[in-house]
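**Student:** Submitted below is the structure of interest, expressed as structure tokens.
2 protein chains.
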Amino acid sequence: MATGGLEIEQLIMLLARLPGLGPRSARRAVLHLIKKKEGLMIPLSAALDRAVAAVTVCEVCGNVDTRSPCGICADPRRNESGLLIVVEDVADLWALERAGVGAVKYHVLGGVLSPLDGVGPDDLAIDSLVHRAGEFSEIVLAVNATVEGQTTAHYITDRLQGLGVRVTRLAHGVPVGGELDYLDEGTLSQALKARTAI
Amino acid sequence: MATGGLEIEQLIMLLARLPGLGPRSARRAVLHLIKKKEGLMIPLSAALDRAVAAVTVCEVCGNVDTRSPCGICADPRRNESGLLIVVEDVADLWALERAGVGAVKYHVLGGVLSPLDGVGPDDLAIDSLVHRAGEFSEIVLAVNATVEGQTTAHYITDRLQGLGVRVTRLAHGVPVGGELDYLDEGTLSQALKARTAI
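Protein chains in written order, with my numbering: chain R, 5 to 202; chain G, 5 to 202.
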């Protein structure tokens with residue numbers, strides 16, 4: 005292939021491995037980068053170098069940050085609520101932070117139990133969750149509403165029993181702005197069961 | 005925002021400026037990079053550094069490569085056909101190379117004439133095309149079949165008149181594997197006019 009030199013081919017190949025990008029969009033991205041060399045390619049290269057050097061995983065909660073304990077774990081104001089939110093992934097933690105759920109702390113499991121994929125309790129940050137659970141008054145299991153997520157939630161609930169901490173899960177219901185017509189029956193019946201006074 | 009440190013935020017912001025990526029997919033990409041730090045993030049960072057240092061634009065044809073003249077312009081076997089293919093963009097050049105169109109040479113215009121966007125002949129590599137056109141026996145105007153593309157093709161055809169070089173364009177017709185039912189009338193009538201013996 006004579007489409008640019010080896011350096012360009014390698015860059016395309018690596019970018020194509022990012023989620024949401026394929027070979028075609030990676031080529032477009034690289035051409036865009038080359039066109040905007042001063043304004044985008046060089047800053048991106050520098051930002052990536054800095055991130056490689058700085059990024060670390062928080063040893064307390066599993067969040068991704070430039071220090072460990074991370075900014076959230078190190079923030080004393082976040083102790084007051086006594087709320088620990090357990091999530092599958094750092095992306096879920098970021099989503100909850102964007103939603104502005106308040107001065108809470110998090111625990112990132114790093115996945116869900118999935119016997120078919122060979123993911124057992126030892127592959128997730130469950131021991132460390134049990135270890136720190138006593139510091140909180142309530143543990144919210146904010147795992148995805150999938151079969152694996154619910155299995156993981158049940159397993160964690162069992163492990164947390166006897167520690168004297170309240171264990172809850174997120175409410176099921178109609179998404180804000182959602183149309184009833186497009187919702188599945190499970191969500192609708194849960195939303196009806198959990199109806200609240202206006 | 006407490007979603008990771010400043011380094012991570014900057015990386016997300018820059019990645020979100022790539023075509024095909026937005027803030028959401030850039031966040032996913034950065035999390036994926038951090039998870040695969042050794043296998044993907046560090047190699048990508050190194051590849052980007054190398055590309056920044058190596059990439060240049062060919063002064064003859066406008067292709068992107070790690071040397072100038074580029075690998076295509078420097079290849080003596082590509083002189084034999086006497087064919088010069090004029091494209092709007094480097095992406096089109098790459099697409100033709102992937103299609104294996106043979107031992108041809110290229111000329112990248114860097115866009116199309118577009119008075120509304122303030123793009124005139126001087127903003128495109130048209131003078132340099134006229135300058136090198138005499139070296140070839142045929143110039144193929146492989147611009148997009150858009151109004152701007154066709155306007156540009158007409159302008160270039162006018163400029164090349166009197167140089168004794170044959171000027172052609174790509175054939176219109178049914179895409180290979182395409183279904184007639186989904187084709188627009190313009191393409192269908194062109195395909196019928198240009199019908200060939202089986």
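Using N, Cα and C, we set each Cβ at its ideal position, and we do this for glycine too.
All values reported here derive from a predicted model rather than from experimental measurement.
Could you give the first and the last residue of the continuous alpha helix (DSSP H) run that contains Thr200/R?
**Tutor:** Annotation for Thr200/R: no alpha helix (DSSP H) segment contains it, and DSSP assigns it neither H nor E.
**Student:** Using the beta-carbon of each residue, which ones in chain G are nearer than 9 angstroms to Pro23/R?
**Tutor:** Here the neighbours are Ser29, Arg32, Ala33, Leu35, His36.
**Student:** Excluding the 5 residues preceding and the 5 following Asp127/R in the sequence, name in chain order all residues of the same chain whose CB lies nearer than 8 angstroms to its CB.
**Tutor:** Gly114, Gly115
**Student:** Going by Cα to Cα distance, which pick from Ala20/G, Phe140/G, Cys62/G, Ile130/G is closest to Pro47/R?
**Tutor:** Ala20/G
**Student:** Any residues in the segment 93-113 of chain G with a beta carbon nearer than 8 angstroms to a beta carbon of chain R? Which ones, in chain order?
**Tutor:** For the segment 93-113 of chain G, which is checked against every Cβ of chain R, the residues closer than 8 angstroms are Asp93, Val94, Ala95, Leu97, Trp98, Glu101, Arg102.
**Student:** Give me the subset of the segment 46-69 of chain R whose CB atoms are less than 7 angstroms from a CB atom of chain G, sorted by chain position.
**Tutor:** Ile46, Pro47, Leu48, Ser49, Ala51, Leu52, Asp53, Arg54, Ala55, Val56, Ala58, Val59, Val68, Asp69
**Student:** Going by C-alpha distance, which of Val108/G, Glu152/G, Ile160/G is nearest Gly122/G?
**Tutor:** That would be Glu152/G, whose Cα lies nearest to the Cα of Gly122/G.
**Student:** For Gln194/R, which residues in chain G fall below 7 angstroms Cβ to Cβ?
**Tutor:** Near Gln194/R there are no residues of chain G at all, since even the closest Cβ is about 27 angstroms away, more than 7 angstroms.
**Student:** Only counting the same chain, and skipping five residues up and downstream in sequence, which positions put a Cβ closer than 8 angstroms to that of Ile130/R?
**Tutor:** Leu113, Tyr159, Ile160, Arg163
**Student:** Relative to the C-alpha of Glu63/R, which residue among Leu52/R, Gly75/R, Leu37/R is closest?
**Tutor:** Gly75/R
**Student:** Hey, is Leu164/R's beta-carbon within less than 8 angstroms of any beta-carbon in chain G?
**Tutor:** no
**Student:** Excluding the 5 residues preceding and the 5 following Asp79/R in the sequence, name in chain order all residues of the same chain whose CB lies nearer than 6 angstroms to its CB.
**Tutor:** Excluding sequence positions up to five before and after Asp79/R, its CB lies less than 6 angstroms from no other CB in the same chain.
**Student:** Give a yes or no on whether the C-beta atoms belonging to Leu117/G and Thr156/G are separated by under 8 angstroms.
**Tutor:** Yes, the pair counts as a contact, with Cβ atoms nearer than the cut-off.
**Student:** Is there a C-beta anywhere in chain G that falls below 8 angstroms from the one on Gly122/R?
**Tutor:** no
**Student:** Alpha carbons only, please: which of Asp93/G, Lys39/G, Ile143/G, Gln194/G is nearest the one belonging to Thr60/R?
**Tutor:** Lys39/G
**Student:** So with Cβ pairs under 8 angstroms, would you call Leu145/G a contact of chain R?
**Tutor:** no
**Student:** Is the beta carbon of His36/R closer than 8 angstroms to that of Pro27/G?
**Tutor:** no
**Student:** Give the DSSP bridge partners of Tyr110/G, in chain order.
**Tutor:** BP columns for Tyr110/G point to Ile89/G.
**Student:** According to DSSP, is Val144/G part of a helix, a strand, or is it coil?
**Tutor:** strand
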